[in-house]
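Report on one structure; see the data block that follows.
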Amino acid sequence: PTTINPDPEGVIHAPQVIAAALPGPQPNLDAGPEWHYKLLSPMRRAIAANMSATLNTPTFRVSAELPLAALRQAAKTCQLSLTLLLARALALSVQENPLFNDVYTTAGLVTRKQINVGIAADIPGGLITPVIEDAARRPTGELAEDWRILKTKLAKQQLIPDDYEGATIYLSNLGMFDVVESFEAIVPLGATAILSVGAEKKGFASFVLSCDHRVVYGAEAARFMQTFKQLINKPGDWLKC
């Protein structure tokens, strides 16, 4: 049986009872300084549950330092968000490497008919992933308008589930923080890969592709990164403005 210790004031809190009923180790709070509980918001609780649910996903990562000058110049010329163009290049890379749009289930691999890119976004008290739908086939101008609308709704905290559910691959860009050289992101449920982007240094940025090893293997991830590199090096081949 699990022992539930009261806090310094002799109170047992509801989260302790819930934690005792759930599997997994819990920290020994009595070994440290005085403490108190801060209840999780519904969003943080959902994020924690989703992240915990990915623990059994066998994950591997490939990384590369890639030049961003051409894509950044294209973003400036076309007056588009660099993050949007990264999402577009990511979707086109999936189109060339379609296994990355599959997802593992116990019954087999599920193939999706369109490529939806979830873009990680920071919000007060949590994290959310607005989704750019059909990001490989639709015109870039349409995607840009969708992204503008999503960012407006994000700023006003007006996103609805249809805005942030249904991604088939993910992008997490922390390049706006110059202290972040690189980082590894967790592959969300319902996807096979997520691409993380670090800060640009001397024209190059670190890209890390985290993958579900049940769906793709190392050589396939390497080919995916080669495709992505070619796309961001020559945005004029796929971007018209």
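Sequential numbering of the sequence shown, starting at 2, is according to the working numbering. Glycine is no exception: its CB is placed at the ideal position from the N, C-alpha and C atoms.
- Item | Beta-carbon spacing of Cys-212, Thr-193 below 8 Å | Yes; because the gap between Cβ atoms is below 8 Å, this pair is in contact.
- Could you tell me how far apart the beta carbons of Val-209 and Glu-185 are, in whole angstroms, since I believe they sit closer than 8 Å? Sure, about 5 Å apart at Cβ, within 8 Å.
- Query: What are the boundary residues of the beta strand (DSSP E) that includes Ser-197?
  - Reply: For Ser-197, the uninterrupted beta strand (DSSP E) run begins and ends at 194-198, by DSSP.
- Beta-carbon proximity of Gly-204 to Ala-108, cut-off 8 Å: The Cβ atoms of Gly-204 and Ala-108 lie no closer than 8 Å to each other.
- Message: What does DSSP give as the partner residue(s) for Ala-122 in the beta ladder?
- Response: Ile-129.
- Message: In chain order, what are the residue ranges of uninterrupted alpha helix (DSSP H) at least 4 long that sit wholly in the stretch 30-66?
- Response: Those alpha helix (DSSP H) runs which fall completely within the stretch 30-66 and span 4+ residues are 43-54.
- Query: Taking DSSP as the reference, what is the three-state secondary structure of Phe-225?
  - Reply: Looking at Phe-225 - three-state DSSP - the assignment turns out to be helix.
- Reference Ala-88, options Ala-145, Arg-46, Met-52, closest by Cα: The shortest C-alpha separation from Ala-88 is found at Ala-145.
- Through-space distance from Leu-93 to Val-63, alpha-carbon basis: Computed Cα separation, rounded: 19 Å.
- Item | For Ala-122 and Ile-129, believed in contact at Cβ under 8 Å, the rounded distance | Distance from Ile-129 to Ala-122 at the Cβ level is roughly 5 Å; contact confirmed, criterion being Cβ atoms closer than 8 Å.
- Message: Which residue marks the beginning of the beta strand (DSSP E) containing Val-95, and which one marks its end?
- Response: Taken as a continuous stretch (DSSP letters only), Val-95 belongs to no beta strand (DSSP E), being part of the alpha helix (DSSP H) at 83-97.
- Query: So the beta strand (DSSP E) Ala-206 belongs to, where does it begin and stop?
  - Reply: If you look at Ala-206, you'll find it in the beta strand (DSSP E) that goes 205-213.
- Message: Under DSSP, the alpha helix (DSSP H) around Ile-150 begins and ends at which residues?
- Response: First-last of the alpha helix (DSSP H) with Ile-150: 141-156.
- Message: Per the DSSP calculation, Pro-9 is bridged to which residue(s)?
- Response: None, per the DSSP bridge assignment.
- In whole angstroms, what separates the C-alpha of Phe-225 from that of Gly-199? Their backbone Cα atoms lie some 18 Å apart in a straight line.
- Item | Reduced DSSP category for Asp-179 - H, G, I as helix; E, B as strand; rest coil | Of the three classes helix, strand and coil, the one that applies to Asp-179 here is coil, per DSSP.
- Message: Which residue marks the beginning of the beta strand (DSSP E) containing Asp-103, and which one marks its end?
- Response: Its beta strand (DSSP E) spans residues 103-106.
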